[in-house]
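Heads up: the structure comes next, in structure tokens.
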Amino acid sequence: MLTKCIFEFIGTLVLVLLGDGVCANVTLNKSKAQGAGWVVIALAWGFAVMVGVLIAGPYSGAHLNPAVTLGLAIAGNFAWNEVLGYIVAQMLGGFVGACLVYVFYKDHYDATSDNPDAMLGTFCTMPAIWSPWRNFLSEMIATCLLVFAIIALAVSGNAFTVGGTTATTGALGAFPVTCVIMALGMSLGGTTGYAMNPARDLSPRCAHAVLPIKGKRDSGWSYSWVPVLGPMVGGALAAGLALLVF
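Mapping of the sequence shown onto this note's numbering: residues 292 to 537, in sequence order.
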């Protein structure tokens, strides 16, 4: 269990380091990638998940997301007695990953001190249009699709045979989930920034609150419940749907 939690911590740390890293790279002043745009962000977030899964997968299964852990437990694909340890490890990994982004881009944060909203956006999500319950619905639907797709990858209907050995699509490793993340970002990410993961949003938000960032604003606490409860409800809903249809 300790080994599993260590790799959930490392995998989530890497996910946030690369994911929030691309947000910083594209957003902050004087970065060579400033203004690269949404497609770069969506692609990099997908690859960030892939790298985290490649590192943690052999040891913990690489949930890297409390909503995934909860959904898999409800669906009967994960032990309930390991849920709390996984979630704690994921949340700590997200916090440390966000702190490393700040250390890496410190000079660029200083150069962007006149734009506190942009700096906050490199740590956590905020809605394009403030509508908390509709924002909640967006996060719930996107995460439901994410977790449902992860569960679907393991069903027998997604099996293939290579050299006489049968395996599910999920056996291909991180790449199928990477494609799902990219599709979600490009299709459903525009309303809220598609957090879909409390460890990707709440933990970096806490890092933003405690780090000595020059010119920072408040950490958007009035919105912070949306990218936590939305994904958790979405993950649970996906598990319920999976139990009905698979």
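Cβ atoms here follow ideal geometry from the backbone N, Cα and C, with glycine treated the same way.
Given the structure is predicted, the values throughout are model-derived calculations rather than measurements.
Take L479, set aside five residues on each side of it, and the residues of its chain with a beta-carbon closer than 8 Å to its own are S429, I432, A433, L436, Y485, in chain order.
Between G481 and A333, the alpha-carbon positions lie close to 11 Å from each other.
For A465, the number of other beta carbons within 10 angstroms of its own is at least 16, and it is reported as buried. The continuous alpha helix (DSSP H) containing D492 extends over residues 489-501. In the three-state reduction of the DSSP assignment, K295 falls in the helix class, which pools H, G and I. Leaving aside the five residues that flank A500 on each side, the residues in its chain whose CB is nearer than 7 Å to its CB run, in chain order, S510. In the DSSP annotation of this structure, the continuous segment of the alpha helix (DSSP H) that includes M473 starts and ends at 465-479. Three or more beta-carbon pairs separated by less than 8 Å are not found between the region 400-409 and the region 383-390, which leaves the two stretches without contact. P349 sits in a helix when the DSSP states are folded into three classes. M292 counts as exposed, since fewer than 16 other C-beta atoms from the protein chains shown sit within 10 angstroms of its C-beta. With a beta-carbon spacing of about 7 Å, N356 and Q381 fall inside the 8 Å limit used to define contacts. Residue environment for C470: exposed (fewer than 16 other C-beta atoms within 10 angstroms of its C-beta). In the DSSP assignment, G521 falls within the alpha helix (DSSP H) that extends over 517-536. At a Cβ-Cβ threshold of 8 Å, P522 and M473 do not count as neighbours. Residue environment analysis places D492 among the buried positions, since at least 16 neighbouring C-beta atoms fall within 10 angstroms of its C-beta.
Between the alpha carbons of S515 and A440 lies a distance of about 25 Å. Of the residues A533, F298, W421, A529, the one whose Cα lies closest to the Cα of S351 is F298. Exclusion of the five residues before and after A370 leaves A364 as the residues of its chain whose Cβ lies within less than 8 Å of its Cβ. Under the DSSP assignment, S429 falls in the alpha helix (DSSP H) whose first and last residues are 423-443. Assigned with DSSP and collapsed to three states, H354 falls in coil, not helix or strand. Annotated as distal: A315 and V438, with beta-carbon spacing of 8 Å or more.
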